[in-house]
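Our numbering applies: residue 8 is where the sequence shown begins, and numbers increase by one.
All C-beta atoms in this analysis are idealised placements derived from N, C-alpha and C, irrespective of residue type, glycine included.
The structure presented is a predicted model; accordingly, all values stated were derived computationally and were not measured.
Data block below; observations after.
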Amino acid sequence: MQDKKVIGPESSAVRVALWRAMHVQIDSPPHLLEDEIGLKLTAPDEGWRQRPDMHPAGTAPYRASIVARARFIEDLVLENCDRGVNQYVILGAGLDTFAQRRPSITSQLRIFEVDQPGPQAWKKQRLVDLGFGIPDWLHFVPVDFEAGESWWNLLEKAGFDQSRPAVVASTGVTMYLTQEAIFAMLRQIASLAPGSTLAMTFILPLDLIDSEERPQHEAVYKAASAAGTPFLSFFRPPDILDLARKAGFSQVQYVSAEDLTRKYFVGRSDGLKLSSGEAFLIASV
C-alpha cells in the first residue's frame with residue numbers, strides 16, 4: 008500500500024535552502040557560506056527569487072541569521088574535530104548540505120542526520136539523482152515523531168556510539184516544541200559522553216527583540232499558527248541557561264545575535280545584519 012503521507016521537503020527547509028543560495032547570489036562577499044547545493048536539491052521554478060519570502064531587503068535579517076547559525080555550527084564542529092570528536096548529530100537536518108559541501112573534512116566524521124521519514128527519503132533520492140551519493144560515513148536516521156518514535160533509540164541503531172563524545176546541533180526546532188519536550192531533549196543529550204557539546208537555537212520573547220523587528224516577527228508567528236505549526240516556546244537567556252543546568256550540563260553559554268554579528272559581520276560593505284530574535288544555547292557535558 009502506498010504511503011499517504013506527502014513525501015518531499017518541509018516548506019521551512021526549502022525556504023532555508025533558498026535563503027542560503029540567495030546569500031551567495033545577491034549578498035556581497037565575503038560569503039559566510041557558499042551553498043547552492045540546497046537550491047539544486049529543491050530545483051524550484053525559474054521565478055523563485057520573486058517569491059514574497061525571498062524579498063532581497065525584506066528578508067535580509069532572516070537570511071543573515073540562517074547563514075550565520077550554519078557557519079557558527081560548522082566552525083564548532085571543526086573545532087571539536089581538531090580535538091578528536093568525530094560524531095556529529097543534526098536534529099531536524101532538513102536540507103543541510105555540510106556533508107556534500109566539505110567532503111574532505113566531513114569524511115573524517117560520522118554524521119547522523121535525524122529527520123522525518125518522508126522528507127529524508129526524498130532528500131536521499133535527490134542526492135543520488137544529482138550524483139552526490141550516500142557515503143558510508145553519512146547516516147540517515149528517519150524518525151516518525153508523530154508515531155512516538157524515539158530518535159534516541161534509533162540513533163543508536165544507526166551506529167551512533169554513546170560511549171564517545173559528539174557534537175549535537177538543533178536549529179530552528181525549539182519554537183515548535185513545548186518546554187517539557189525541550190527539557191526532555193536536553194536531559195537526553197546531557198547524558199552523552201563527557202566532552203559532548205550541544206548547539207541549539209531558541210527564540211527570544213518579543214520584548215527582547217529590537218522594536219523595529221517586532222511587527223515582522225508577530226506576522227511570522229501568526230502565519231505559523233495559521234499553517235498549523237504555532238510557535239510554542241520562547242526563552243529569556245537566563246531561563247534557557249538554567250534549564251540546561253537542570254538538565255545536567257556542566258557548562259552553559261548564551262550566544263546572542265550581537266555575538267554572531269561581531270564574529271562574522273563587522274565591516275561588511277552591504278550592511279547585512281542579523282535578526283535579533285534568535286540566539287544560541289551552547290552546552291557542554
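Between the alpha carbons of residue i and residue j, how many angstroms are there, rounded?
{"i": "D168", "j": "F139", "result": "26 Å"}
{"i": "H62", "j": "Q223", "result": "13 Å"}
{"i": "L137", "j": "A200", "result": "36 Å"}
{"i": "L193", "j": "I80", "result": "18 Å"}
{"i": "Q189", "j": "E285", "result": "Contrary to the premise, residue 189 reads as Ile rather than Gln in this sequence. Taking the straight line from one Cα to the other gives about 16 Å."}
{"i": "G255", "j": "A197", "result": "6 Å"}
{"i": "E219", "j": "S263", "result": "18 Å"}
{"i": "F242", "j": "M29", "result": "29 Å"}
{"i": "A50", "j": "L25", "result": "10 Å"}
{"i": "L162", "j": "T178", "result": "18 Å"}
{"i": "I14", "j": "A233", "result": "22 Å"}
{"i": "T113", "j": "R76", "result": "18 Å"}
Does DSSP put residue i in a helix, a strand or coil?
{"i": "H30", "result": "helix"}
{"i": "I97", "result": "strand"}
{"i": "I112", "result": "helix"}
{"i": "R56", "result": "helix"}
{"i": "M8", "result": "Only weak support exists for where M8 lies, its pLDDT of 35 falling under 50; the coordinates are left without a value."}
{"i": "R133", "result": "helix"}
{"i": "L239", "result": "coil"}
{"i": "R269", "result": "helix"}
{"i": "S72", "result": "helix"}
{"i": "W158", "result": "helix"}
Return the chain-ordered list of same chain residues with a C-beta closer than 6 Å to the C-beta of residue i, the five sequence neighbours on each side being excluded.
{"i": "I118", "result": "Y95, A106, L145"}
{"i": "L83", "result": "A206"}
{"i": "P244", "result": "Y261"}
Just grab the DSSP bridge partners of residue i for me.
{"i": "M207", "result": "S177, L288"}
{"i": "P149", "result": "D122"}
{"i": "V259", "result": "A290"}
{"i": "R117", "result": "Q94"}
Just to confirm, does residue i get its C-beta within under 7 Å of one of the non-hydrogen atoms of the ligand GTP?
{"i": "L134", "result": "You won't find the ligand GTP in this model; it holds no ligand whatsoever."}
Going by beta carbon distance, what residues of the same chain come within less than 8 Å of residue i, once the five residues before and after it are set aside?
{"i": "S203", "result": "V92, P172, A173, V174, V175, I196, S291, V292"}
Spatial neighbours of residue i within its chain, please: CB distance less than 7 Å, with the 5 preceding and 5 following residues excluded, ordered by chain position.
{"i": "A43", "result": "Per the sequence presented here, residue 43 reads as Glu, with Ala not at that position. So the qualifying residues of the chain are A28, V31."}
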